Amino acid sequence: MDANAPRLELKSEPWSDAASPRSIVVRVSARNAGRRPMTVAIRSRMFEFHVAGPNGTTVCQASPPTGAIPRDMYRTLKAGASVDVSILLREVCPANTFAREGLYEVTATLHANEPGTGLGLDAYTATVTAREPTLLRVKSAPEPFYAAAPRAVPTPEPEPAEEAADAD
Numbered sequence: 014m015d016a017n018a019p020r021l022e023l024k025s026e027p028w029s030d031a032a033s034p035r036s037i038v039v040r041v042s043a044r045n046a047g048r049r050p051m052t053v054a055i056r057s058r059m060f061e062f063h064v065a066g067p068n069g070t071t072v073c074q075a076s077p078p079t080g081a082i083p084r085d086m087y088r089t090l091k092a093g094a095s096v097d098v099s100i101l102l103r104e105v106c107p108a109n110t111f112a113r114e115g116l117y118e119v120t121a122t123l124h125a126n127e128p129g130t131g132l133g134l135d136a137y138t139a140t141v142t143a144r145e146p147t148l149l150r151v152k153s154a155p156e157p158f159y160a161a162a163p164r165a166v167p168t169p170e171p172e173p174a175e176e177a178a179d180a181d
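Here the numbering used here = 1-based position in the sequence shown + 13.
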C-alpha cells in the first residue's frame, strides 16, 4: 500500500440541535488525508446515515451510482484539502426516523462510487465512514419523548438494619 496515496477521511460535527425533524442538518467534511491530489465526485446523494435513537436504529441509504455525473461535478482535492457538505436529513431518511423528540446518534458514510471512466477520468472511489458520530438533539417532534406515559412505582420497603453487637 502506498503511504502517500490520496485517501479520504470523513468527519462530521460532534453535535447538532434541531427545533423539529424538518430542520435537521448534518455537516460533513471529506478531507484528502493523503499526500497527493485526487479527483473525486462528492454529492449529497452519496451519503448514507446510520441513526440510533429512541425508536431504534434506522439506515438512511445512499443512492446507487448513476454513471451520469458531468465533468464539472468532479473536483481535484489537493493534499490536505477538504470539501464540506451540509445535508438535510429529512430528504434522505425515512419519514418516521425522527418522529420522537430526544437524542440521536448519527454516523455518516460516504460512498464515493463514481469512477468517471466514461469521461476519461480516473476518479477516487471508496466507502468511508466518519470516525465519530454526530449527537443530534431534536427538541420537538410529532411523538413525545416517552413511548408511554411514566407511571408511579411503589417504593420498596427498606431492609431492616442489622443490630450492632454492643459487646464492648
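Ideal placement from N, C-alpha and C gives every residue a C-beta, glycine not left out. None of the values given here were measured: they were computed from a predicted structure.
C-alpha gap between residue i and residue j, whole angstroms
i	j	result
residue 58	residue 124	9 angstroms
residue 77	residue 166	50 angstroms
residue 26	residue 79	28 angstroms
residue 90	residue 37	28 angstroms
residue 178	residue 149	For residue 178, the predicted structure reports a pLDDT of 49, less than 50, and the residue's modelled location is therefore unreliable. A value from the coordinates is still provided. Straight-line Cα distance between these residues: approximately 56 angstroms.
residue 135	residue 161	54 angstroms
residue 156	residue 54	38 angstroms
residue 100	residue 24	13 angstroms
residue 131	residue 142	27 angstroms
residue 96	residue 159	38 angstroms
residue 119	residue 63	6 angstroms
When the options are compared against residue i, the one with the closest alpha-carbon
i	options	result
residue 153	147, 174 and 114	114
residue 103	39, 94 and 43	39
residue 133	112, 52, 63 and 100	52
residue 46	65, 138, 93 and 56	93
residue 106	35, 31 and 16	35
residue 81	56, 67 and 30	56
DSSP bridge partner residues for residue i (one or two, in chain order)
i	result
residue 45	21
residue 99	40
Per-residue DSSP class, three states only, for residue i
i	result
residue 118	strand
residue 36	helix
residue 156	strand
residue 129	coil
residue 76	coil
residue 113	strand
residue 85	helix
residue 170	coil
Cβ neighbour criterion (16 or more within 10 Å) applied to residue i
i	result
residue 172	exposed
residue 19	buried
residue 117	buried
residue 145	exposed
Minimum Cβ-Cβ distance from residue i to chain D less than 7 angstroms
i	result
residue 66	The chain labelled as chain D is not found in the depicted structure, where only one protein chain is given.
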